[in-house]
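Asks: Numbers in our numbering are just positions in the sequence shown, counted from 1, shifted up by 36. Beta carbons: idealized from backbone N, C-alpha and C, even for Gly.
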Amino acid sequence: MDEPAGDDLGLLVRGVLDYAIFMLDPTGRVVSWNAGAERIKGYRAEEIIGQHFSVFYPPEEIAARKPERELETALIDGRLEDEGWRLRKDGTRFWANVVITALFDDAGNHRGFGKVTRDMTERRTAEQALRESEERFRLLVQDVVDYGIFMLDPGGRIVSWNAGAQRIKGYRAEEIIGQHFSVFYPPEEIAARKPERELETALIDGRLEDEGWRLRKDGTRFWANVVITALFDDAGNHRGFGKVTRDMTERRTAERALVQRSRLVGHLVDAQEVERRRIAWDVHDDSIQSMVAVGMRLQLLADRLPEEHREGLYTLDESVRAAVGRLRTLVSRLRPPDLDRHGLVIALAGHLEEVLPGWGLEYTLRHDLTAEPTSEAAVTGYRICQEALTNVHKHARAARVEVSLSTVDRGTLFRVTDDGVGTAVTGTDPGRDHFGLIEMRERAESAHGWWSMSSRPGEGTSVEFWLPSAPDEQR
Ligand SMILES: Nc1ncnc2c1ncn2[C@@H]1O[C@H](COP(=O)(O)OP(=O)(O)OP(=O)(O)O)[C@@H](O)[C@H]1O
Ligand SMILES: [Mg+2]
37 MDEPAGDDLG LLVRGVLDYA IFMLDPTGRV VSWNAGAERI KGYRAEEIIG
87 QHFSVFYPPE EIAARKPERE LETALIDGRL EDEGWRLRKD GTRFWANVVI
137 TALFDDAGNH RGFGKVTRDM TERRTAEQAL RESEERFRLL VQDVVDYGIF
187 MLDPGGRIVS WNAGAQRIKG YRAEEIIGQH FSVFYPPEEI AARKPERELE
237 TALIDGRLED EGWRLRKDGT RFWANVVITA LFDDAGNHRG FGKVTRDMTE
287 RRTAERALVQ RSRLVGHLVD AQEVERRRIA WDVHDDSIQS MVAVGMRLQL
337 LADRLPEEHR EGLYTLDESV RAAVGRLRTL VSRLRPPDLD RHGLVIALAG
387 HLEEVLPGWG LEYTLRHDLT AEPTSEAAVT GYRICQEALT NVHKHARAAR
437 VEVSLSTVDR GTLFRVTDDG VGTAVTGTDP GRDHFGLIEM RERAESAHGW
487 WSMSSRPGEG TSVEFWLPSA PDEQR
């Protein structure tokens, strides 16, 4: 039963291609050779059998007596494993994993050595490439300053720290490594078990993103954007967490300032409109009514007075009438009554007819509105058109202006285009003391629409803006 098994084993060893498997006599000479040895080292059996195995070693290893020392160690310990450069027949080197086993017969006599060699060059190259890329990656992470990037062990203790983390949180690596990451959380969050809950969630969902206040080493707070990722090794074991933190304090402050500013502007614009309307009503219901009554009294009085005084009263009545007329104009400037009564297009047409001929401007008003803008959008649109037209009058030296309104995207698109001299000023960068453009843009934006002005010197100017019909839906 033993013999066939021995033959089988011989066949197996001779045929194996992935390993060089061969025997040395006690002095280190090659006594057997397999297919794998031929493939890896390049010698055929008849070329190598009888030679000393040190031919496989590079000169520097031979000089250091490495082949002999390996055999001595194998003889003492029974076995030796080594990795290192070896030579092929053609003189090229390969990275070898070598196991040398001392062989004894049943009587305990030393019969030689078994040697199994594996060509690890490819694996070594791959491993080295991986190590290098990991190293490069590590350096990259290490030096990034915009993000705090660090690792936690599964229990939440910090195991690595980068330059960004030091910059943002103020701790040096040696101060913080080993500490629990909850030191970054304010007391109220710790009391609410937030750090633990974040790790739990990251572990279940794989990832967690959060924004909130965190503490620096000096106790000051910063607004952080945090992403925690659960990390697993190839075998699926949980190895800890990666944590990427970004300091968003400045951005948050800027965003809030912007929101507050546009809220304030929106509020001012609204307040202005409300105040104008109130004054318009007061003037209309009180001043104008009283003056009309005065006028009627003057008439009655005049009829009863002798001829010589009548003329004086008529003159008085005339000036009262003229004052009433001026007040009516004031009222309609403050709050165009057509806007409430007849809608935007008629109010605008009225305004164009009233002012443009006096400015020597020809005009057209086009509209294809399929939906009437809301009354807020109508007031806003009317006011922006007013300012755009005033600018045409003040700055454009134009002959014609075209105003157009159309229903677009559940809102109204307005365009005021002149054929004047144009300008290099843009809506985003108006001059210091000019508020017309800013006010137009703010009005449109606080109504949740947009505004833009396009112009080239010499080519006329076009102001375009869009206002949604239902502001809240657009948010
Ligand atoms: N239609 C236009 N044609 C040519 N230039 C224009 C036109 N509209 C605006 N501008 C230029 O843009 C500048 C800024 O306009 P803006 O309305 O902000 O200020 P303003 O009209 O000078 O002053 P105000 O604050 O009284 O409106 C104007 O001074 C002018 O140079
Ligand atoms: Mg202006």
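Using a Cβ-based criterion (distance less than 8 Å to any ligand heavy atom), does Asn261 qualify as near ligand 1?
Replies: no
Asks: Is Phe220 buried or exposed, if buried means 16 or more other CB atoms sit within 10 Å of its CB?
Replies: buried
Asks: So, helix, strand or coil for Arg115, using DSSP?
Replies: strand
Asks: Below 8 Å, can you find three or more Cβ-Cβ pairs linking the segment 439 to 452 to the segment 366 to 379?
Replies: no
Asks: Locate the beta strand (DSSP E) running through His497, then write down its first and last residues.
Replies: The sequence shown places Thr at residue 497, rather than the His named in the question. Element bounds for Thr497: Thr497 to Pro504.
Asks: In angstroms, rounded to a whole number, what distance separates the CA positions of Glu163 and Leu175?
Replies: 18 Å
Asks: Specify the secondary structure class of Asn133 as computed by DSSP and reduced to three states.
Replies: strand
Asks: Can you look up Ala56 in the DSSP assignment and give me helix, strand or coil?
Replies: strand
Asks: Answer with buried or exposed for Met332, where buried requires no fewer than 16 other C-beta atoms within 10 angstroms of its C-beta.
Replies: exposed
Asks: Within 10 angstroms of the Cβ of Met37, are there 16 or more other Cβ atoms? Answer buried if so, exposed if not.
Replies: Below a pLDDT of 50, predicted positions are generally treated as unreliable, and Met37, at 40, falls in that range; no measurement from the model is reported.
Asks: In chain order, which continuous runs of the alpha helix (DSSP H) of length 4 or greater are located wholly inside the segment 220 to 279?
Replies: 223 to 227 and 230 to 241
Asks: Going by Cα to Cα distance, which pick from Ala483, Thr497 and Asn427 is closest to Phe471?
Replies: Asn427
Asks: Taking DSSP as the reference, what is the three-state secondary structure of His146?
Replies: strand
Asks: What do you reckon, is the C-beta of Ala435 under 8 Å from a heavy atom of ligand 1?
Replies: For Ala435, the Cβ stays outside the 8 Å cut-off from all heavy atoms of ligand 1.
Asks: Taking 8 Å as the line, does the beta carbon of His387 fall inside it for any heavy atom of ligand 3?
Replies: Ligands displayed in this structure: ligand 1 and ligand 2; ligand 3 is not among them.
Asks: What residue range does the alpha helix (DSSP H) around Ile76 cover?
Replies: Ala71 to Lys77
Asks: From Ser355 to Leu388, what does the alpha carbon distance come to, in whole angstroms?
Replies: 28 Å
Asks: Tell me the rounded alpha-carbon separation between Gln202 and Arg243.
Replies: Straight-line Cα distance between these residues: approximately 23 Å.
Asks: Beta strand (DSSP E) containing Gly184: first to last residue?
Replies: Gly184 to Leu188
Asks: Report buried or exposed for Thr400, applying the criterion of at least 16 other Cβ atoms within 10 angstroms of its Cβ.
Replies: exposed
Asks: Tell whether a beta-carbon distance below 9 Å holds between Arg65 and His88.
Replies: yes
Asks: Along the chain, where does the alpha helix (DSSP H) containing Glu83 start, and where does it finish?
Replies: Ala81 to Ile84
Asks: Which partner residues does Phe450 have in the DSSP bridge list?
Replies: Leu441 and Phe501
Asks: Can you tell which of Thr109, Arg346, Glu96 and Val301 has the C-alpha that lies nearest to the C-alpha of Arg477?
Replies: Residue nearest to Arg477 within the set Thr109, Arg346, Glu96 and Val301 is Val301 (criterion: CA-CA distance).
Asks: Suppose the cutoff is 7 Å on Cβ atoms and the five residues either side in sequence are ignored; what does the same chain contact list for Trp486 look like?
Replies: Ala480, Phe501 and Trp502
Asks: Rank Pro409, Val135, Gly458 and Ser442 by C-alpha distance to the C-alpha of Ala435 and give the top, closest one.
Replies: Gly458
Asks: Judging by CA-CA distance, which residue of Phe217, Arg250 and Leu304 is the nearest neighbour of Phe277?
Replies: It is Phe217.
Asks: So the candidates are Trp249, Ser323, Ile382 and Leu425; which of them puts its Cα closest to the Cα of Pro409?
Replies: Ile382
Asks: Using the beta carbon as the reference atom, which residues fall closer than 5 Å to any heavy atom of ligand 2, ordered along the chain?
Replies: Asn427 and Gly472
Asks: DSSP on Phe471, reduced to helix/strand/coil?
Replies: coil
Asks: Taking the continuous alpha helix (DSSP H) assigned at Arg285, which residues delimit it?
Replies: Checking the sequence shown, residue 285 turns out to be Thr, not Arg. That run of the alpha helix (DSSP H) goes Thr285 to Asp318.
Asks: Where Glu74 and Arg147 are concerned, what is the direct C-alpha to C-alpha distance, given to the nearest angstrom?
Replies: 23 Å
Asks: Mapping DSSP to helix, strand and coil, what is Trp121?
Replies: Note: Trp121 maps to strand in three-state DSSP.
Asks: Give me the Cα-Cα distance between Val195 and Phe186, rounded to the nearest whole angstrom.
Replies: 7 Å
Asks: When you compare only the Cα positions, how much space is there between Leu336 and Ile324?
Replies: 19 Å
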